[in-house]
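Data first, discussion second: the structure below is written as structure tokens.
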Amino acid sequence: MVGTGVRARAGSALYNEVVDWMDVEAELLDDYREREWLEGMVSRDVVYQVPLRQTVERARGTGFLPGTFHLDESYGSLQSRVARNETAYAWAEDPPSRIRHFVTNVKVTDLGGEQAGVRSNLLIYRTRQEQTQPQLLSGERRDVLRREDGVLRLLRREVLLDLTVIGTHNLSIFF
């Protein structure tokens, strides 16, 4: 899906626009501006998935189990998560975690039809309360961005985590 198109070279208008979009997205999520992220950057048609991974021999594939997810979200479920975080009842994230999204190795593909495919590496650095050991989540994101009313919006996100077991006490964060 992400690799079927014409690769946009670094410095091209599309590449620069996508990288800027990703920088803004990381800033909004790191600053707990989830409502602004959802309403301004996410398509109402979004598919947002974090597949389950298992360790397998190379001959058996990548280890991602088809149809099995840590998260399988739509706009409605993302909206519910954002709304819950805005209440006094989001105990899993009160006080909120301190989070940083590090997005690197960005590759952009022009998919035509006002869509861009994006592959990137992601590292999330997270600390909670008085913890001295950070939680690290790393993986690859495979996104499709679609231009809607002149603005790029997230249409599809697949997060391929490097972990088989997620050692966090919750998955209330956004990748």
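If you use numbering that gives the first Met the number 0, the sequence shown corresponds to residues 0 to 174, in order. Just so it is clear, CB atoms sit at the ideal spot from N, CA and C, and this is done for glycine as well. Remember, it's a predicted structure, so these values are computed and weren't measured experimentally.
Under 9 Å between C-beta atoms of residue i and residue j
i: Ile98; j: Arg140; result: no
i: Leu28; j: Ile172; result: yes
i: Phe68; j: Pro50; result: yes
i: Arg156; j: Gln48; result: yes
Alpha-carbon to alpha-carbon, residue j and residue i
i: Gln53; j: Leu37; result: 30 Å
i: Val23; j: Arg59; result: 38 Å
i: Leu159; j: Leu121; result: 10 Å
i: Gly10; j: Glu113; result: 19 Å
DSSP-derived helix/strand/coil call for residue i
i: Ala115; result: strand
i: Ala82; result: helix
i: Ala12; result: helix
i: Asp29; result: helix
i: Glu72; result: strand
i: Glu147; result: strand
i: Val46; result: strand
i: Glu129; result: coil
i: Leu77; result: helix
i: Gly166; result: coil
i: Ala87; result: coil
Cβ neighbour criterion (16 or more within 10 Å) applied to residue i
i: Arg43; result: exposed
i: Val164; result: exposed
i: Val117; result: buried
Query raised in the report: Can you find at least 3 beta carbon pairs, one from the region 32-48 and one from the region 69-89, that sit closer than 8 Å?
Result: yes
Query raised in the report: Do the region 4-13 and the region 102-117 meet, that is, are 3 or more Cβ pairs less than 8 Å apart?
Result: yes
Query raised in the report: Are the region 144-151 and the region 17-28 touching by the rule of at least three beta carbon pairs closer than 8 Å?
Result: Touching, yes.
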